[in-house]
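Accompanying notes for the structure given below.
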Amino acid sequence: MNVSADLASRGFLLAVGIILFFSVTVSLMRTVIVPRPLRSLFTDAVMDSIITSVRLLARVRRTYAQRDGMLAWIGPLLILGMLLAWLIGFIAAYGFMLYGISASTLGDSLRQAGSSLLTLGFAGGHREDQTILDFMAAATGPIVIAMLIGFLPTIYQAYLEREVEVTLLAADGGEPCWGPELLARSALTDSL
847 MNVSADLASR GFLLAVGIIL FFSVTVSLMR TVIVPRPLRS LFTDAVMDSI ITSVRLLARV
907 RRTYAQRDGM LAWIGPLLIL GMLLAWLIGF IAAYGFMLYG ISASTLGDSL RQAGSSLLTL
967 GFAGGHREDQ TILDFMAAAT GPIVIAMLIG FLPTIYQAYL EREVEVTLLA ADGGEPCWGP
1027 ELLARSALTD SL
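Going by our numbering, the sequence shown opens with residue 847, and the numbers climb by one from there.
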């Protein structure tokens, strides 16, 4: 491989790494930090693939209880899937950036990025520009995990609020909740 092609591929992957870093960061911030639902292509792609996979697996179940049991796993799988997707996205982004600024192979750059991001420290760069990216990666890993841990109580609170509403609806509309029964009971208590 000639020098100009090597420099072009390194420059291209450096640009891809920077773009990937910002897209994963924006996805993480839109999903975990911003208090309203904002769309992210990265998040949507991961969530759609997980939801589609679980629904396909649920379709082959014979009973409603089996399908419901399978679909109940969507929430936990989404949380773990997003965590893994963000971490893999950051490993790829830092790996591409390290490859773009160093003479290392792509495999060594990805290994160094993974070691730094997960704060294992078994692979490190020897140049200052690599050290800066290693420190950034070392800070990113725990921050991503801490942000997700901080997000879990919010999810749990939303779940509890939903369960309270379902319980109140069952009291108002009967068990199982039926629309005409809900209207009749609401008319009796003048709450329409």
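From the three backbone atoms N, C-alpha and C, an ideal C-beta is built for every residue, glycine too.
Predicted, not measured: the structure shown is a model, and the values here were computed from it.
What residue does the alpha helix (DSSP H) around residue i start on, and which one ends it?
{"i": "S962", "result": "952-963"}
{"i": "V900", "result": "887-905"}
{"i": "L966", "result": "From DSSP, L966 is part of no alpha helix (DSSP H); its letter is neither H nor E."}
{"i": "D914", "result": "910-917"}
{"i": "E1021", "result": "From DSSP, E1021 is part of no alpha helix (DSSP H); its letter is neither H nor E."}
{"i": "M943", "result": "920-947"}
{"i": "V878", "result": "Counting along the chain, V878 falls outside any alpha helix (DSSP H), and DSSP gives it neither H nor E."}
Please report the Cβ distance between residue i and residue j, rounded to the nearest whole angstrom; I am assuming they are in contact, meaning their Cβ atoms lie under 8 Å.
{"i": "A907", "j": "R901", "result": "Looking at the sequence provided, one finds Arg at residue 907 rather than Ala. Their Cβ separation, rounded to whole angstroms, is 11 Å, which puts R907 and R901 out of contact at 8 Å."}
{"i": "G927", "j": "I896", "result": "5 Å"}
Is the beta carbon of residue i sitting closer than 8 Å to the one on residue j?
{"i": "A949", "j": "F867", "result": "no"}
{"i": "A984", "j": "T1013", "result": "no"}
{"i": "M943", "j": "L979", "result": "yes"}
{"i": "L929", "j": "L994", "result": "yes"}
{"i": "V892", "j": "A931", "result": "yes"}
{"i": "T871", "j": "T889", "result": "no"}
{"i": "S955", "j": "G935", "result": "no"}
{"i": "Q1028", "j": "D1018", "result": "Before going further, note that residue 1028 is Leu rather than Gln in the sequence given. Contact flag set, yes."}
{"i": "L952", "j": "L933", "result": "no"}
{"i": "A828", "j": "L884", "result": "Outside the displayed range of the chain (847 to 1038) lies residue 828, so it cannot be described from this structure."}
If we count the other Cβ atoms within 10 Å of its Cβ and call it buried at 16 or more, is residue i buried or exposed?
{"i": "M875", "result": "exposed"}
{"i": "Y910", "result": "exposed"}
{"i": "T977", "result": "exposed"}
{"i": "T986", "result": "buried"}
{"i": "I937", "result": "buried"}
{"i": "Q958", "result": "buried"}
{"i": "G863", "result": "buried"}
{"i": "L859", "result": "buried"}
{"i": "S873", "result": "buried"}
{"i": "G915", "result": "exposed"}
{"i": "R856", "result": "buried"}
{"i": "V990", "result": "buried"}
{"i": "G960", "result": "buried"}
Within the present structure, is the beta-carbon of residue i separated from the nearest heavy atom of the ligand SAM by less than 7 Å?
{"i": "R901", "result": "What this structure holds is no ligand at all, so the ligand SAM is not there to describe."}
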